[in-house]
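**Student:** Let me begin by handing over the structure; questions about it come next.
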């Protein structure tokens, strides 16, 4: 018995040490939902991660060359702050490519349009427009983009590719994409507004170009390409997308809100000049605005976390914007310039997210060989004291965030 007691004490001590080590490891792990967690996860599971960071370390942007130079996430409050981009952890960790589409996430990614119709680059000629035939081109899904240059505040990516549309037109093109972190002065100049110390911020601009590398001009009768930027954001139960538009007669005729069926009235409010769209990741739905009424700005507000997100992009009122509806089209160049998507369960109960999206598109151009078109987008997040956020919202959007709170209480 005397020999057994020291052994038991030793085992208890060893167990205590093991428990302490595990507890220390858990304490050292960043909390899920923070920028630090997503940064560590991506560095552990992908091979080419780049970080843009402000001098004080508060504003940070995380990029991936593996995933087409997309912005994976960002934060306004340093490593321990909120991570704004939605990531598909299971898919990224698995490391196996899916056949049709690899929704790894990221708060701004580069895509090409149109998605549907006779000029689609997501369906083969002759196929019906059904989900089983839909195929995202590899160049915007699985191909890594080489880094042309990288500095502390900007990374430039570049690649050449070839895509074929539903009508059989082959597009040989070069893709150039840059992501630049903005200083407070540069962001204030881009927005035309200033803010006080009560708000934390992060802002970045992407410049996206496609160049005709073929021998022939791209023409409307054979189909054209557009630059399509999509942002997957992390929702809360209290996230509302806000899209102001021009208060013109018949404006509602330029809003498409039935991409996935009618959106319930309690989830969508359309006034004479603004759309309020509940984006909580719980009900699959999508809407879009044509350039006839769209303003060059869209936003979301997370009431629970006091996060205001602003997206700015150019709008050409008479531009040829591609139609991405999954059908043969009478007007293939009467599409949307800005869209928003709320994720939710599919008919079989499965769900990709939850996440929500704000998207912008360029018009499609008839490019001569060697000619290029460009589409820029500014994305910024503000976090902090409500009254300061409200002042910013009133200036940029003409929206009182108190109205958003009141609307949310009625849902």
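Residue numbers (this note's numbering): 1 to 411. Heads up, the beta-carbon is just placed ideally off N, CA and C, and yes, glycines get one too.
Determine the extent of the alpha helix (DSSP H) in which residue 38 is found, giving its start and end residues.
**Tutor:** Here the alpha helix (DSSP H) through residue 38 covers 35 to 45.
**Student:** Taking residue 300 and residue 336 to be in contact with their CB atoms under 8 Å, please state how far apart those CB atoms are, rounded to whole angstroms.
**Tutor:** Not a contact, Cβ separation roughly 17 Å.
**Student:** Residue 35: which of 70, 68 and 87 sits nearest, CA to CA?
**Tutor:** The shortest C-alpha separation from residue 35 is found at 87.
**Student:** Hey, is the segment 218 to 230 in contact with the segment 260 to 272, meaning 3+ C-beta pairs nearer than 8 Å?
**Tutor:** Because the criterion of three Cβ pairs below 8 Å is not met, the segment 218 to 230 and the segment 260 to 272 do not touch.
**Student:** Only counting the same chain, and skipping five residues up and downstream in sequence, which positions put a Cβ closer than 8 Å to that of residue 63?
**Tutor:** The residues are 49, 50, 51, 52, 69, 70, 71, 72, 155 and 179.
**Student:** Starting from residue 157, follow the beta strand (DSSP E) in both directions and report where the run begins and ends.
**Tutor:** Its beta strand (DSSP E) spans residues 154 to 164.
**Student:** Could you check which residue in 130, 140 and 199 has the C-alpha nearest to that of residue 385?
**Tutor:** Answer by Cα proximity: 199.
**Student:** Once DSSP output is grouped into helix, strand and coil, what is the label at residue 377?
**Tutor:** It is a strand residue.
**Student:** Could you check which residue in 235, 376 and 280 has the C-alpha nearest to that of residue 177?
**Tutor:** If we check each option's Cα against that of residue 177, 376 comes out closest.
**Student:** Please state the DSSP three-state secondary structure of residue 226.
**Tutor:** Note: residue 226 maps to strand in three-state DSSP.
**Student:** Just the Cα atoms here: how many angstroms apart are residue 57 and residue 151?
**Tutor:** Cα to Cα, residue 57 sits roughly 16 Å from residue 151.
**Student:** By Cβ distance, which residues of its chain are closer than 6 Å to residue 328, with the 5 residues on each side in sequence left out?
**Tutor:** Closer than 6 Å at Cβ, skipping near neighbours: 118.
**Student:** Assign residue 11 to one of three DSSP states: helix, strand, or coil.
**Tutor:** Low per-residue confidence applies at residue 11: pLDDT is 40, beneath 50, and the placement is therefore not dependable enough to give any value.
**Student:** In angstroms with no decimal places, state the Cα-to-Cα distance between residue 288 and residue 258.
**Tutor:** Near 9 Å, if we compare the C-alpha coordinates of residue 258 and residue 288.
**Student:** Specify whether the segment 302 to 316 and the segment 243 to 253 touch according to this definition: at least 3 beta carbon pairs, one from each stretch, less than 8 Å apart.
**Tutor:** Cβ pair count under 8 Å is below three, so no.
**Student:** Distance, Cα to Cα, residue 191 vs residue 125?
**Tutor:** Taking the straight line joining both Cα atoms gives about 43 Å.
**Student:** May I have a chain-ordered list of the beta strand (DSSP E) segments no shorter than 3 residues that lie completely inside the segment 299 to 336?
**Tutor:** Within the segment 299 to 336, the complete beta strand (DSSP E) runs of at least 3 residues are 307 to 312.
**Student:** Tell me, please, whether the segment 235 to 249 touches the segment 201 to 210 by the rule of three or more beta-carbon pairs shorter than 8 Å.
**Tutor:** With the cut-off at 8 Å, the segment 235 to 249 and the segment 201 to 210 do not touch.
**Student:** Smallest Cα separation from residue 274: which of 247, 263, 264 and 283?
**Tutor:** Residue 274 has its Cα closest to that of 247, out of 247, 263, 264 and 283.
**Student:** Let's see if you can read the secondary structure: which residues bound the alpha helix (DSSP H) around residue 200?
**Tutor:** Element bounds for residue 200: not the alpha helix (DSSP H) but the beta strand (DSSP E), 199 to 212.
**Student:** DSSP state of residue 392, grouped into three classes?
**Tutor:** Looking at residue 392 - three-state DSSP - the assignment turns out to be helix.
**Student:** Can you tell me whether residue 160 is buried or exposed? The criterion is at least 16 other CB atoms within 10 Å of its CB, across all chains shown.
**Tutor:** Exposed, by the Cβ-count rule.
**Student:** Whose C-alpha, out of 41, 201 and 102, is nearest the C-alpha of residue 60?
**Tutor:** Answer by Cα proximity: 201.
**Student:** For the beta strand (DSSP E) containing residue 243, name the first residue and the last one.
**Tutor:** Counting along the chain, the beta strand (DSSP E) containing residue 243 begins and ends at 239 to 244.
**Student:** Measure the C-alpha to C-alpha separation of residue 355 and residue 400 and round it to an integer number of angstroms.
**Tutor:** Rounded to whole angstroms, residue 355 to residue 400 spans 25 Å at the Cα level.
**Student:** For residue 233 versus residue 383, is the C-beta distance shorter than 7 Å?
**Tutor:** The answer is no: Cβ separation not under 7 Å.
**Student:** Among 286, 341, 194 and 302, which has the Cα closest to the Cα of residue 415?
**Tutor:** With the chain represented from 1 up to 411, any question about residue 415 goes unanswered, as that position is not in the structure.
**Student:** Could you check whether residue 343 and residue 281 sit closer than 7 Å to each other, using their CB atoms as the reference points?
**Tutor:** Taking 7 Å as the Cβ cut-off, residue 281 and residue 343 qualify as a contacting pair.
**Student:** Is the Cβ of residue 178 closer than 7 Å to any Cβ of chain C?
**Tutor:** Absent from the structure is chain C; it holds one protein chain and no more.
**Student:** Quick one: using the 10 Å Cβ neighbour count with 16 as the cut-off for buried, is residue 424 buried or exposed?
**Tutor:** A question about residue 424 goes unanswered here, because the residues of the chain that appear run from 1 up to 411.
**Student:** Pick out whichever of 105, 116 and 136 has its Cα sitting closest to the Cα of residue 129.
**Tutor:** Nearest C-alpha to residue 129: 116.
**Student:** Taking only runs of the beta strand (DSSP E) that begin and end inside the segment 50 to 130, which ones reach a length of at least 3 residues, in chain order?
**Tutor:** Complete beta strand (DSSP E) runs here, min 3: 60 to 64, 70 to 75 and 109 to 113.
**Student:** Report, in whole angstroms, the separation of the C-beta atoms of residue 372 and residue 211, which I expect to be a contact under 8 Å.
**Tutor:** Their Cβ separation, rounded to whole angstroms, is 4 Å, which keeps residue 372 and residue 211 in contact under 8 Å.
**Student:** Under 7 Å Cβ to Cβ from residue 213, same chain only, skipping five residues before and after it: list those, please.
**Tutor:** Only 160, 172, 173 and 174 meet the Cβ criterion.
**Student:** For residue 185, report the span of its alpha helix (DSSP H) as first-last.
**Tutor:** First-last of the alpha helix (DSSP H) with residue 185: 184 to 191.
**Student:** For residue 98, does the count of other Cβ atoms within 10 angstroms reach 16, so buried, or fall short, so exposed?
**Tutor:** Per the 10 Å Cβ criterion, exposed.
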